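Here the protein sequences line up with chains A and B, keeping their order.
One point on numbering: in the numbering used here, the residue at position 67 of the first sequence is 69, and numbering is uninterrupted.
One point on numbering: in the numbering used here, the residue at position 69 of the second sequence is 192, and numbering is uninterrupted.
In what follows, a structure is listed as structure tokens, so that the remarks can point back to it.
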Amino acid sequence: MEALWLSLKLATCVAAILLSLGMPLAYWLSQTQWHGKFLLESVVALPLVLPPTVLGFYLLAAMGANGPLGKLWMAWFGHTLAFTFLGLVFASAIYSLPFAVQPLVAVFESVDSRLLDAAAVLGAGSWRTFREIILPLSMRGVVTAVVLSFAHTLGEFGVVLMVGGNIPGVTRTVSIDIYDRVQSLDYSAANRLAIALALISFAVLSTIYAVNRRVWSPWPLGSNGRVRGE
Amino acid sequence: MDGCAVSDLSCSQTENVALMARLKFARTARGHAAFAVEVNFQIAPGITILFGPSGAGKSTLLDCVAGLLKPREGRITLGEKVLQDSATGIFLPPKERHLAYLFQSPALFPHMTVEENTGFGLAHSPAAERKATVQQLLEAFRVSHLAHRKGNEISGGEAQRVALARALAPAPRAVLLDEPLRGLDAELKSSLVDDLRAWNRANQLPILYVTHQRDEVDALGERAIAIDGGRIVSEGIPHAVLDAPRTKRLARAAGFENHLKAVVQELREADGVMRARLDGSQTELELPLGYAAVGDHVNVAIRAGDIMLAAQKPAGLSARNILAGIVESVEARGATVACCVNAGAMFRVHLTPGAVRALEITAGTRVWLVIKTHSCRLVDD
């Protein structure tokens, strides 16, 4: 159960980080006229197509004692970033980035640009427009982004294996634990963990679909936070 | 109302609060297709209509004045205040221009109530003052009963009234309206404009009103500017602007149903007329003298309502063009009957149902078309 708890902690941290970093990035991507935007979009989407082992390998190389990030970390904190919980959070955040950024970009772009024009003409700056117009009209996308990055982190295996090692209580997440138990022929324990993970993932995903279909809404904005003509 | 007290506005008559713009650009920042606009205009207090066919660049022009688009070259001033001057690098962002801008769609914030929408531009006013202003504007535009409804819960006509109240709430210095009556029925249209006029009697702001509908030009404006292909083609009192379109597209928008091509045969400068033969026929028309030489091709626009029909060949008329023709089709459209008459070329003629009955006009009837020389307008392609 320690592994399950660790996985939930990791997923929560990653979802929180991606929400706070993904939101400004997605907002910038949705508003920018920059011609090189496609390059950044490709970089953000890269984890979707790369095998986790490839991404994990590069992250490990970067975070290890000889990697640029690892050296920096070593200089500040006196130990490597790889094989620590924070290293795992960092790697997982990179790996789940598209799952947070893409729904946010999509929902920010779906806000009628005339609403933003109206706000600007009425004297609102970009921060006020974001806070009072874009964000309230994008709550469904925000929920999707948080839940997807949480669920995706919960279920990841390859990247964790590459950069986390397998340290109980520090980097041994539930998916690694299941793998270990199967390797050691402890099928009943693997089964219990697998069922727990499957149920949690199902609960999380049905939350997004319920919110998006507006079967029920976690907050009152859900029913009105809709762009006209959507 | 920064820097301009209300008393200033009421005693100074017109000039110092005029909106002036001189704009030139080829492409907009939003990546629309290449598009050239070059205009220079001045809008005095009161309603000025900006009239032109769809795609003439009207909305783009308003976006530039509002600062939502940045024209490459231009100088826009509002009274003493410079909104943009490309020569000195001044470009005020929309939020510092103090303009009201009403789009084709109301663009109400759907998650806010009507009251919150209307107060959005008053973020810096004290709460009590904001509430009073909102209340007063919602009453002026007759939507105070909707104050607590959400922006996406009211009808299109109501939404446009709320949008107008919202735009006017922060005490703008000029008003831009982009086909604000699109999709509203005639009754709603006239009451909305009456309310706007009533509001502007006290405020005396320049109002630039964009439309491609000729009935709005005649009904609403004190002055009109016609724009086509990104350029101003004429300006003056609305009736004159509608009556003398300079381009074919503008003529269509102004309600000229007949567009004929002709070749100039003879110039009679002493009479101020010329004769031209319609393409593909032997029919000749007497036209007002234009910038054309014998042999030139000209475009002639004639309103369907300016052509008379006679059952017998009329005599003793001042009208110079009397053409024999055969009625090809008759189609009733409410209070007008649209006839197509073949007189060498095809002419569209609008009659009243009574006239059609009196002359017993049906398809196949032989008629004479009577067209005054000055009902024929020469237009550019």
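Beta carbons are placed, not taken as given, at the ideal position from N, Cα and C, and that holds for glycine.
Owing to the predicted nature of the structure, the values given are computational and were not obtained by experimental measurement.
So for residue i, helix, strand or coil by DSSP?
i	result
G186(A)	The question names Gly, yet the displayed sequence has Ser at residue 186(A). It is coil, neither helix nor strand.
H154(A)	helix
A152(B)	Annotation note: pLDDT 44 at A152(B) (below 50); position unreliable, no value reported.
F59(A)	helix
L331(B)	strand
V396(B)	strand
V229(A)	Low confidence applies here, because V229(A) scores a pLDDT of 37, under 50, leaving its location unreliable and the question unanswered by this model.
A17(A)	helix
A128(B)	Note that A128(B) scores a pLDDT of 37, beneath 50, so its modelled location is shaky and nothing firm can be said.
L10(A)	helix
A84(A)	coil
H268(B)	helix
A337(B)	Before going on, a small fix: residue 337(B) reads as Arg here, not Ala. DSSP places R337(B) in helix when its eight states are reduced to three.
D308(B)	coil
F159(A)	coil
N214(A)	helix
G171(A)	coil
N193(A)	helix
M3(A)	coil
W36(A)	coil
G244(B)	helix
L52(A)	coil
G143(A)	helix
G66(A)	coil
The alpha helix (DSSP H) spanning residue i covers which residue range?
i	result
A377(B)	Looking at the DSSP string, A377(B) is not in any alpha helix (DSSP H), and its letter there is neither H nor E.
D429(B)	Here D429(B) belongs to no alpha helix (DSSP H), and DSSP marks it neither H nor E.
S285(B)	In the sequence on display, residue 285(B) carries Val and not Ser. Start and end: 279 to 291.
H362(B)	361 to 366
E407(B)	Here E407(B) belongs to no alpha helix (DSSP H); instead the beta strand (DSSP E) covers 407 to 411.
I96(A)	87 to 112
R130(A)	128 to 131
V123(A)	115 to 123
V417(B)	Neither: V417(B) is in no alpha helix (DSSP H) and is coded neither H nor E.
G2(A)	Any property of residue 2(A) remains undetermined from this structure, which presents chain A solely from 3 to 232.
E262(B)	250 to 263
Could you check where the beta strand (DSSP E) with residue i kicks off and where it finishes?
i	result
V298(B)	297 to 301
A349(B)	346 to 351
A223(B)	222 to 225
Look up residue i in the DSSP assignment and give the residues it is bridged to.
i	result
Q388(B)	Looking at the DSSP assignment, Q388(B) forms no beta bridge with any residue, so it has no partner.
L401(B)	A385(B)
S357(B)	A349(B)
M143(B)	Q165(B), T200(B)
N422(B)	K384(B), V502(B)
T109(B)	The structure shown does not extend to residue 109(B), since chain B is modelled only from 124 through 504, so no value can be given for it.
T370(B)	D503(B)
What residue from the options has the CA that sits closest to residue i's CA?
i	options	result
I430(B)	H420(B), G448(B), L191(B)	G448(B)
D308(B)	L319(B), E339(B), D503(B)	E339(B)
Q258(B)	T236(B), A270(B), L474(B)	A270(B)
V123(A)	E276(B), A189(B), L215(B), R253(B)	A189(B)
L428(B)	E380(B), D394(B), S441(B)	According to the sequence shown, residue 428(B) is Gly rather than Leu. Taking only the C-alpha atoms, the option nearest G428(B) is E380(B).
S94(A)	S44(A), V165(A), S186(A)	V165(A)
L319(B)	A377(B), L245(B), L225(B)	L225(B)
R272(B)	S209(B), N240(B), D186(B), G180(B)	N240(B)
K371(B)	V502(B), E203(B), I172(B), A230(B)	V502(B)
V107(A)	G24(A), F92(A), V161(A)	G24(A)
A13(A)	E158(A), E111(A), G38(A)	E158(A)
S248(B)	P176(B), A294(B), G413(B)	A294(B)
T475(B)	T488(B), A468(B), R456(B)	R456(B)
T236(B)	R398(B), R289(B), R471(B), A438(B)	R289(B)
F101(A)	A147(A), V176(A), L163(A)	A147(A)
T86(A)	Y181(A), Q104(A), L61(A), S98(A)	L61(A)
V417(B)	M397(B), R220(B), A434(B)	M397(B)
A64(A)	T82(A), I202(A), T34(A), R174(A)	T82(A)
Would you check whether the ligand MG has a heavy atom nearer than 7 Å to the C-beta of residue i?
i	result
G306(B)	No copy of the ligand MG occurs in the structure displayed, which carries no ligand at all.
Could you tell me which chain D residues have their CB closer than 7 Å to the CB of residue i, listed as they occur along the chain?
i	result
I135(A)	As a matter of chain content, chain D is missing from the structure shown, whose protein chains are A and B.
(request) Any chance you could list the beta strand (DSSP E) runs of at least 3 consecutive residues sitting entirely within the region 438 to 503 of chain B, in chain order? (result) 444 to 456, 459 to 466, 468 to 474, 489 to 494, 500 to 502
(message) Extract the residue ranges of the beta strand (DSSP E) inside the region 145 to 219 of chain B, only unbroken runs of 3 or more that lie entirely within it.
(response) At a cut-off of 3 residues, the continuous stretches assigned as beta strand (DSSP E) that sit fully inside the region 145 to 219 of chain B are 160 to 166, 169 to 174, 196 to 201, 204 to 208.
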